[in-house]
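Chemist: Before anything else, here's the structure in question.
Given below as C-alpha coordinates:
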(Lines of atoms letter the chains of each structure in order from A and count residues from 1; the text may use other names and numbers.)
(Lines give C-alpha, C1' and ligand atoms only; values in the text may rest on other atoms or scores of the structure.)
Protein backbone atom coordinates (compact mmCIF):
# COMPACT_ATOMS: atom_id res chain seq x y z
CA UNK A 1 0.00 0.00 0.00
CA UNK A 2 1.21 3.48 -0.95
CA UNK A 3 -0.51 6.68 0.12
CA UNK A 4 0.34 9.66 -2.04
CA UNK A 5 -0.41 13.36 -2.07
CA UNK A 6 -0.05 15.93 -4.83
CA UNK A 7 2.05 18.15 -2.56
CA UNK A 8 4.68 17.69 0.15
CA UNK A 9 3.66 20.50 2.49
CA UNK A 10 0.39 21.42 4.17
CA UNK A 11 -1.73 23.47 1.77
CA UNK A 12 -4.86 25.51 2.45
CA UNK A 13 -5.83 26.89 -0.98
CA UNK A 14 -5.00 26.49 -4.66
CA UNK A 15 -3.47 23.13 -3.86
CA UNK A 16 -2.12 20.74 -6.47
CA UNK A 17 -4.21 17.81 -7.66
CA UNK A 18 -3.85 15.10 -10.30
CA UNK A 19 -5.68 12.16 -11.80
CA UNK A 20 -5.83 8.77 -10.14
CA UNK A 21 -4.09 7.32 -13.20
CA UNK A 22 -1.16 9.66 -12.57
CA UNK A 23 -0.84 8.49 -8.97
CA UNK A 24 -0.87 4.85 -10.07
CA UNK A 25 1.60 5.32 -12.91
CA UNK A 26 4.03 7.54 -10.99
CA UNK A 27 4.27 4.93 -8.25
CA UNK A 28 4.65 1.99 -10.62
CA UNK A 29 1.45 0.60 -9.15
CA UNK A 30 -1.35 -1.59 -10.52
CA UNK A 31 -4.41 -0.59 -8.51
CA UNK A 32 -5.64 2.67 -7.06
CA UNK A 33 -8.61 4.41 -5.48
CA UNK A 34 -9.42 8.03 -4.68
CA UNK A 35 -8.61 9.23 -1.17
CA UNK A 36 -10.02 11.48 1.51
CA UNK A 37 -12.65 14.17 1.43
CA UNK A 38 -11.34 17.44 0.01
CA UNK A 39 -12.56 20.84 -1.19
CA UNK A 40 -13.03 20.66 -4.99
CA UNK A 41 -12.86 23.79 -7.13
CA UNK A 42 -16.44 23.33 -8.39
CA UNK A 43 -17.96 23.77 -4.90
CA UNK A 44 -18.90 27.39 -4.19
CA UNK A 45 -18.38 26.97 -0.45
CA UNK A 46 -14.83 25.78 -1.11
CA UNK A 47 -13.74 29.17 -2.44
CA UNK A 48 -10.46 30.02 -0.78
CA UNK A 49 -9.80 26.36 0.06
CA UNK A 50 -9.60 24.65 -3.33
CA UNK A 51 -8.12 21.15 -3.39
CA UNK A 52 -7.25 21.32 0.30
CA UNK A 53 -8.07 18.48 2.69
CA UNK A 54 -8.11 18.22 6.48
CA UNK A 55 -7.38 14.54 7.06
CA UNK A 56 -3.87 13.39 7.94
CA UNK A 57 -2.45 11.52 4.93
CA UNK A 58 1.08 10.12 4.78
CA UNK A 59 3.09 10.78 1.63
CA UNK A 60 4.89 7.46 1.29
CA UNK A 61 7.56 8.63 -1.15
CA UNK A 62 8.25 11.85 0.73
CA UNK A 63 8.15 10.16 4.15
CA UNK A 64 6.01 12.97 5.57
CA UNK A 65 2.58 13.19 7.15
CA UNK A 66 0.49 15.91 5.52
CA UNK A 67 -1.75 17.65 8.07
CA UNK A 68 0.19 16.08 10.93
CA UNK A 69 -1.06 18.83 13.24
CA UNK A 70 -4.57 17.41 12.97
CA UNK A 71 -3.60 13.96 14.28
CA UNK A 72 -4.82 14.78 17.83
CA UNK A 73 -8.07 16.35 16.61
CA UNK A 74 -9.31 14.66 13.44
CA UNK A 75 -12.67 13.02 14.19
CA UNK A 76 -12.19 9.96 12.04
CA UNK A 77 -10.35 6.66 11.73
CA UNK A 78 -7.00 5.90 10.12
CA UNK A 79 -5.51 2.91 8.34
CA UNK A 80 -1.73 2.70 8.65
CA UNK A 81 0.81 0.21 7.30
CA UNK A 82 4.30 -0.44 8.63
CA UNK A 83 7.41 -1.63 6.83
CA UNK A 84 6.77 -5.02 8.45
CA UNK A 85 3.62 -5.31 6.32
CA UNK A 86 1.31 -5.06 9.32
CA UNK A 87 -1.93 -3.14 8.83
CA UNK A 88 -3.25 -1.16 11.80
CA UNK A 89 -6.67 0.43 12.23
CA UNK A 90 -7.27 3.32 14.59
CA UNK A 91 -10.79 4.38 15.61
CA UNK A 92 -9.53 7.97 15.81
CA UNK A 93 -6.29 9.45 14.55
CA UNK A 94 -5.22 10.36 18.08
CA UNK A 95 -4.99 6.59 18.68
CA UNK A 96 -2.33 6.49 15.94
CA UNK A 97 -0.30 8.95 18.00
CA UNK A 98 0.64 12.59 18.02
CA UNK A 99 3.33 12.03 15.39
CA UNK A 100 4.85 9.51 13.00
CA UNK A 101 7.75 9.12 15.43
CA UNK A 102 5.33 8.12 18.21
CA UNK A 103 3.68 5.52 15.97
CA UNK A 104 7.05 4.08 14.95
CA UNK A 105 8.29 3.89 18.54
CA UNK A 106 5.08 2.24 19.72
CA UNK A 107 4.88 -0.30 16.89
CA UNK A 108 8.58 -0.94 16.32
CA UNK A 109 8.41 -0.41 12.58
CA UNK A 110 8.76 2.37 10.04
CA UNK A 111 5.52 3.87 8.75
CA UNK A 112 5.12 3.35 5.00
CA UNK A 113 1.50 4.41 4.37
CA UNK A 114 -1.44 5.95 6.21
CA UNK A 115 -4.72 7.66 5.40
CA UNK A 116 -7.51 9.04 7.56
CA UNK A 117 -11.05 10.00 6.66
CA UNK A 118 -14.48 9.70 8.23
CA UNK A 119 -16.55 7.99 9.32
CA UNK A 120 -15.44 4.57 10.52
CA UNK A 121 -17.47 1.82 8.84
CA UNK A 122 -16.37 -1.55 10.26
CA UNK A 123 -14.24 -2.38 13.29
CA UNK A 124 -13.32 -5.92 14.32
CA UNK A 125 -15.93 -7.29 11.88
CA UNK A 126 -18.72 -5.19 13.43
CA UNK A 127 -20.54 -2.42 11.57
CA UNK A 128 -19.95 0.76 13.60
CA UNK A 129 -20.97 3.46 11.13
CA UNK A 130 -24.41 3.98 12.67
CA UNK A 131 -22.77 5.12 15.91
CA UNK A 132 -20.63 7.67 14.05
CA UNK A 133 -21.46 11.33 13.44
CA UNK A 134 -23.07 11.62 10.00
CA UNK A 135 -24.36 14.64 8.13
CA UNK A 136 -27.55 14.47 6.02
CA UNK A 137 -25.68 14.09 2.74
CA UNK A 138 -23.93 10.98 4.05
CA UNK A 139 -27.32 9.42 4.80
CA UNK A 140 -28.53 9.82 1.21
CA UNK A 141 -27.89 7.52 -1.74
CA UNK A 142 -24.93 8.55 -3.89
CA UNK A 143 -21.72 7.26 -5.47
CA UNK A 144 -19.55 6.16 -2.54
CA UNK A 145 -16.06 4.87 -1.89
CA UNK A 146 -14.45 2.86 0.89
CA UNK A 147 -11.42 0.76 1.70
CA UNK A 148 -10.98 -2.02 4.20
CA UNK A 149 -9.05 -5.17 4.94
CA UNK A 150 -8.91 -8.48 6.76
CA UNK A 151 -6.02 -10.84 7.44
CA UNK A 152 -5.87 -11.91 3.80
CA UNK A 153 -7.20 -9.15 1.55
CA UNK A 154 -7.49 -5.42 1.04
CA UNK A 155 -10.82 -4.24 -0.39
CA UNK A 156 -11.22 -1.15 -2.58
CA UNK A 157 -14.89 -0.46 -3.22
CA UNK A 158 -17.00 1.94 -5.28
CA UNK A 159 -20.76 1.59 -4.75
CA UNK A 160 -23.52 3.33 -6.66
CA UNK A 161 -26.72 4.64 -5.04
CA UNK A 162 -25.46 3.89 -1.53
CA UNK A 163 -25.52 5.83 1.71
CA UNK A 164 -22.48 5.87 3.96
CA UNK A 165 -24.43 3.59 6.30
CA UNK A 166 -24.92 1.17 3.40
CA UNK A 167 -21.15 1.19 2.88
CA UNK A 168 -20.62 -0.26 6.34
CA UNK A 169 -22.81 -3.25 5.56
CA UNK A 170 -21.33 -3.64 2.07
CA UNK A 171 -17.79 -3.74 3.46
CA UNK A 172 -18.75 -6.22 6.15
CA UNK A 173 -20.57 -8.44 3.63
CA UNK A 174 -17.50 -8.80 1.39
CA UNK A 175 -15.29 -9.76 4.32
CA UNK A 176 -13.68 -6.58 5.61
CA UNK A 177 -12.92 -6.75 9.33
CA UNK A 178 -11.86 -3.10 9.31
CA UNK A 179 -13.03 -0.38 6.92
CA UNK A 180 -13.21 3.38 6.58
CA UNK A 181 -15.22 5.63 4.33
CA UNK A 182 -13.52 7.52 1.51
CA UNK A 183 -14.69 10.42 -0.64
CA UNK A 184 -17.25 9.75 -3.36
CA UNK A 185 -19.51 11.51 -5.83
CA UNK A 186 -17.64 13.40 -8.51
CA UNK A 187 -14.31 12.44 -6.96
CA UNK A 188 -14.87 8.67 -7.07
CA UNK A 189 -12.35 6.72 -9.12
CA UNK A 190 -11.07 3.14 -9.19
CA UNK A 191 -8.16 2.06 -11.38
CA UNK A 192 -6.89 -1.41 -12.29
CA UNK A 193 -4.23 -2.60 -14.73
CA UNK A 194 -4.21 0.52 -16.90
CA UNK A 195 -7.96 1.11 -16.96
CA UNK A 196 -10.52 3.03 -14.96
CA UNK A 197 -13.10 0.72 -13.43
CA UNK A 198 -14.91 3.83 -12.16
CA UNK A 199 -14.26 7.49 -12.82
CA UNK A 200 -11.88 9.16 -13.62
CA UNK A 201 -13.77 11.86 -11.74
CA UNK A 202 -12.06 15.00 -10.46
CA UNK A 203 -8.36 15.62 -10.08
CA UNK A 204 -7.38 14.47 -6.59
CA UNK A 205 -5.06 15.89 -3.92
CA UNK A 206 -4.45 12.39 -2.51
CA UNK A 207 -4.96 8.75 -3.40
CA UNK A 208 -4.19 5.19 -2.30
CA UNK A 209 -2.40 2.83 -4.70
CA UNK A 210 -1.11 -0.74 -4.61
CA UNK A 211 1.81 -2.26 -6.48
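In full-length UniProt numbering, the protein residues as written are 1 to 211. A virtual CB, placed ideally from N, CA and C, is assigned to each residue, including glycine.
Between residue 158 and residue 133, what straight-line distance do the alpha-carbon atoms span, to the nearest angstrom?
Modeler: Residue mapping note: residue 158 aligns to position 158 of the chain shown, counting from 1. Residue mapping note: residue 133 aligns to position 133 of the chain shown, counting from 1. Cα to Cα, the separation comes out at about 21 Å.
Chemist: Quick one: Cα of residue 47 to Cα of residue 41, how far?
Modeler: Taking the chain shown and counting its residues from 1, the one referred to as residue 47 is at position 47. Taking the chain shown and counting its residues from 1, the one referred to as residue 41 is at position 41. Taking the straight line joining both Cα atoms gives about 7 Å.
Chemist: Closer than 6 Å by C-beta to residue 62: which residues in its own chain qualify, once you throw out the five before and the five after it? Chain order, please.
Modeler: For the purposes of this step, residue 62 is identified with residue 62 of the chain shown, where counting begins at 1. Excluding positions up to five away in sequence, the list reads 8.
Chemist: So, at 8 Å on beta carbons, what are the nonlocal neighbours of residue 130 in its own chain, with the 5 sequence-adjacent residues on each side left out?
Modeler: Residue mapping note: residue 130 aligns to position 130 of the chain shown, counting from 1. Cβ neighbours of residue 130 beyond the five flanking positions: 165 and 168.
Chemist: Which partner residues of residue 144 appear in the DSSP bridge assignment?
Modeler: Position 144 of the chain shown, counted from the first residue, corresponds to residue 144. DSSP lists 159 as partners of residue 144.
Chemist: Just the C-alpha distance for residue 6 and residue 205, rounded to the nearest angstrom, thanks.
Modeler: The residue you call residue 6 lines up with position 6 of the chain shown. The residue you call residue 205 lines up with position 205 of the chain shown. Using only the alpha carbons, I get a separation of about 5 Å.
Chemist: Could I get the ranges of all uninterrupted beta strand (DSSP E) runs contained in the UniProt domain "Phosphodiester glycosidase" (104-210), with 3 residues as the minimum, in chain order?
Modeler: Segments of the beta strand (DSSP E) lying fully in the UniProt domain "Phosphodiester glycosidase" (104-210): 111-116, 120-123, 142-149, 154-162, 178-182, 190-192, 195-198 and 206-210.
Chemist: What number of angstroms, rounded off, separates the C-alpha of residue 80 from the C-alpha of residue 171?
Modeler: Here residue 80 refers to the residue found at position 80 when the chain shown is read from its first residue. Here residue 171 refers to the residue found at position 171 when the chain shown is read from its first residue. If I take the Cα positions, the gap works out to 18 Å.
Chemist: Looking at residue 23 and residue 207, is the spacing between their C-beta atoms short of 8 Å?
Modeler: Reading the chain shown from its first residue, position 207 is the one you call residue 207. Reading the chain shown from its first residue, position 23 is the one you call residue 23. Result yes, Cβ atoms of residue 207 and residue 23 sit closer than 8 Å.
Chemist: Are at least three pairs of beta-carbons, each pair with one atom in the stretch 110-117 and one in the stretch 174-184, less than 8 Å apart?
Modeler: Judged by Cβ distances under 8 Å, the stretch 110-117 makes contact with the stretch 174-184, as three or more pairs qualify.
Chemist: Under a Cβ-count criterion, where at least 16 other Cβ atoms within 10 Å of its own Cβ denotes burial, should residue 102 be classed as buried or exposed?
Modeler: Here residue 102 is taken as the residue at index 102 of the chain shown, counted from 1. When all chains shown are included, residue 102 counts as exposed.
Chemist: Could you work out which residue in 86, 94 and 144 is closest to residue 152 when comparing CA atoms only?
Modeler: Here the question's residue 152 lines up with position 152 in the chain shown. Taking only the C-alpha atoms, the option nearest residue 152 is 86.
Chemist: Would you tell me roughly how many angstroms separate the C-alpha atoms of residue 193 and residue 31, rounded to the nearest one?
Modeler: The residue given as residue 193 occupies position 193 in the chain shown. The residue given as residue 31 occupies position 31 in the chain shown. Cα-Cα distance, rounded: 7 Å.
Chemist: How is residue 96 classed by DSSP in three states: helix, strand or coil?
Modeler: One-based indexing of the chain shown puts residue 96 at position 96. Correct three-state label for residue 96: helix.
Chemist: Expressed to the nearest angstrom, what Euclidean distance is found between the alpha-carbon atoms of residue 201 and residue 20?
Modeler: In the chain shown, counting from the first residue as 1, residue 201 sits at position 201. In the chain shown, counting from the first residue as 1, residue 20 sits at position 20. Rounded to the nearest angstrom, the two C-alpha atoms are 9 Å apart.
Chemist: Anyone know if the C-beta pair for residue 189 and residue 34 falls short of 8 Å?
Modeler: Your numbering for residue 189 matches position 189 in the chain shown. Your numbering for residue 34 matches position 34 in the chain shown. Result yes, Cβ atoms of residue 189 and residue 34 sit closer than 8 Å.
Chemist: Terminal residues of the continuous beta strand (DSSP E) containing residue 87?
Modeler: The sequence position of residue 87 within the chain shown is 87, counting from 1. Residues 87-90.
Chemist: Tell me the DSSP bridge mates of residue 80?
Modeler: Against the chain shown, residue 80 aligns to sequence position 80. Beta-bridge pairing links residue 80 to 88 and 114.
Chemist: Output the distance between the C-alpha atoms of residue 52 and residue 36, rounded to the nearest integer angstrom.
Modeler: Working through the chain shown from its first residue, we reach residue 52 at position 52. Working through the chain shown from its first residue, we reach residue 36 at position 36. Using only the alpha carbons, I get a separation of about 10 Å.
Chemist: In terms of alpha-carbon separation, which member of 98, 146 and 95 lies closest to residue 119?
Modeler: In the chain shown, residue 119 corresponds to position 119, counting from 1. Taking only the C-alpha atoms, the option nearest residue 119 is 146.
Chemist: Determine the direct distance from the alpha carbon of residue 128 to that of residue 100, and round the result to whole angstroms.
Modeler: For the purposes of this step, residue 100 is taken as residue 100 along the chain shown, with counting starting at 1. For the purposes of this step, residue 128 is taken as residue 128 along the chain shown, with counting starting at 1. One C-alpha to the other measures close to 26 Å.
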